[in-house]
Amino acid sequence: MSTCSRSGSLRKLRATPDGLWGTYRQWLAIGAQVRKGERGTTVVLWKQAKAATNDDADDGDDDVRHRVFARAFTVFNVAQVDGYEPQIVEKLPESERLTHVDAFIDALKIPIVTGNYNAH
Numbered sequence: 347m348s349t350c351s352r353s354g355s356l357r358k359l360r361a362t363p364d365g366l367w368g369t370y371r372q373w374l375a376i377g378a379q380v381r382k383g384e385r386g387t388t389v390v391l392w393k394q395a396k397a398a399t400n401d402d403a404d405d406g407d408d409d410v411r412h413r414v415f416a417r418a419f420t421v422f423n424v425a426q427v428d429g430y431e432p433q434i435v436e437k438l439p440e441s442e443r444l445t446h447v448d449a450f451i452d453a454l455k456i457p458i459v460t461g462n463y464n465a466h
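In terms of the working numbering, the sequence shown opens at residue 347 and continues consecutively.
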């Protein structure tokens with residue numbers, strides 16, 4: 347497999363007509379098969395985890411350090427697989443969609459202020 351620079355991989359991911367991607371095992375789990383000879387695209391998952399610096403001491407004064415780790419995956423676009431049937435999703439009426447949007451925004455618990463905005 348050829349490796350791409352970060353911007354090259356991003357360009358490749360954006361250039362596909364359908365933004366549906368999955369690993370080989372993810373496609374296999376839903377009954378699809380990556381076609382023989384298809385080349386995957388490497389993507390990297392960056393994740394932050396908390397790790398205690400002093401796990402052995404029971405003084406209750408554990409410092410928490412943040413660690414960042416990366417994991418590479420090879421993914422394939424839906425155009426590279428056979429046997430995938432997309433789920434048909436009904437489009438909700440606008441009133442129901444707005445209800446879901448309101449519930450989502452409320453769940454974020456971010457204060458929203460409206461009114462006169464004076465910058466001076």
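C-beta: ideal position from N, C-alpha, C; glycine also.
Beta-carbon to beta-carbon, D428 and R371 are separated by about 16 Å, too far to satisfy the 8 Å threshold. Burial check for F422: the Cβ neighbour count within 10 Å reaches 16 or more, so the residue is buried. Judged by DSSP secondary structure, A378 falls outside any beta strand (DSSP E); it is assigned neither H nor E. Note on geometry: alpha-carbon atoms of P432 and N464 lie some 49 Å from one another.
By the beta-carbon neighbour count (other beta carbons within 10 angstroms, threshold 16), Q379 is exposed.
In the three-state reduction of the DSSP assignment, V459 falls in the coil class, being assigned neither a helical nor a strand state. Its chain contains H412, V414 as the residues whose beta carbon lies nearer than 6 Å to that of Q394, once the 5 sequence neighbours on both sides are disregarded; these appear in chain order.
Put simply, the backbone Cα of T369 is about 49 Å away from that of N462. One Cα belongs to L366, the other to I434, and the distance between them is close to 15 Å.
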